[in-house]
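Here the structure is laid out as structure tokens; the discussion comes afterwards.
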Amino acid sequence: MDARRFSVTPVGTVHAGRGVFSIEIAEPFRPALTELSGFGHMLVLWWCDGVDTVECRSETTCEKPYTRGPDTIGIFATRSPVRPNPIALSVAPVLGVDAAAGIIRVAYIDADDGTPVLDIKPYLPCNERVRDAKVPAWASHWPQWYEENEGFDWAAEFTFGD
18 MDARRFSVTP
28 VGTVHAGRGV
38 FSIEIAEPFR
48 PALTELSGFG
58 HMLVLWWCDG
68 VDTVECRSET
78 TCEKPYTRGP
88 DTIGIFATRS
98 PVRPNPIALS
108 VAPVLGVDAA
118 AGIIRVAYID
128 ADDGTPVLDI
138 KPYLPCNERV
148 RDAKVPAWAS
158 HWPQWYEENE
168 GFDWAAEFTF
178 GD
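Each residue of the sequence shown is one higher than the one before, counting from 18 in our numbering.
Here's what the structure looks like:
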């Protein structure tokens, strides 16, 4: 295995609080917001800085992270932030873009306030949407579409914190 190291510079920061969510883009990267407002959703890659420890980065399995899941699951079969490289991916609905101020208003993002944003890409149905996507039986009752997440009891699906 190649032991190369990589350097990543955050392009922005998540702001989350009281049901209001936005991403503030650092000044040098604001020109990259040009035409983003034409998209309804975007993919946000962010750094799970709250779990960026040697211990968390060495985890390769989770013990029963999902209520209906198997007793042990490999990290790559979860969306857990605890992983060798704590990179997360979220789909966020774009509500508005103020390119001059560097602010993207989003309906929701599952990142904490102050979370570093690594990159943003437009959501493209021709690339991201998959017909007949397969999931394991223990996850087959999860919502099929992003818009169905709001009414789903996600807290009941996870055993973390038990």
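Beta carbons: idealized from backbone N, C-alpha and C, even for Gly. Computed from a predicted model, the values in this text were never measured in an experiment.
Check, Outcome
"Cβ neighbours of G119 in the same chain (closer than 6 Å, five flanking residues each side left out)", "E41, I42 and R47"
"Of the residues A116, P133, E164 and T95, the one placed nearest V152, counting alpha carbons only", "T95"
"Span of the alpha helix (DSSP H) around V152", "No alpha helix (DSSP H) holds V152; DSSP gives it neither H nor E."
"Status (buried if at least 16 other CB within 10 Å, exposed otherwise) for P82", "buried"
"Expected contact under 8 Å - CB spacing of W63 and S107 to nearest Å", "7 Å"
"Whole-number beta carbon distance between D130 and V28, since they are thought to touch under 8 Å", "Wrong, their Cβ atoms sit about 17 Å apart, outside the cutoff."
"Enclosing alpha helix (DSSP H) for P101 [first to last residue]", "It is not in any alpha helix (DSSP H) - P101 carries neither H nor E in the DSSP assignment."
"Per-residue burial, R100 [other beta carbons within 10 Å of its own, 16 or more giving buried]", "buried"
"Same chain, Cβ closer than 7 Å to A173, neighbours up to 5 away in sequence not counted", "T84"
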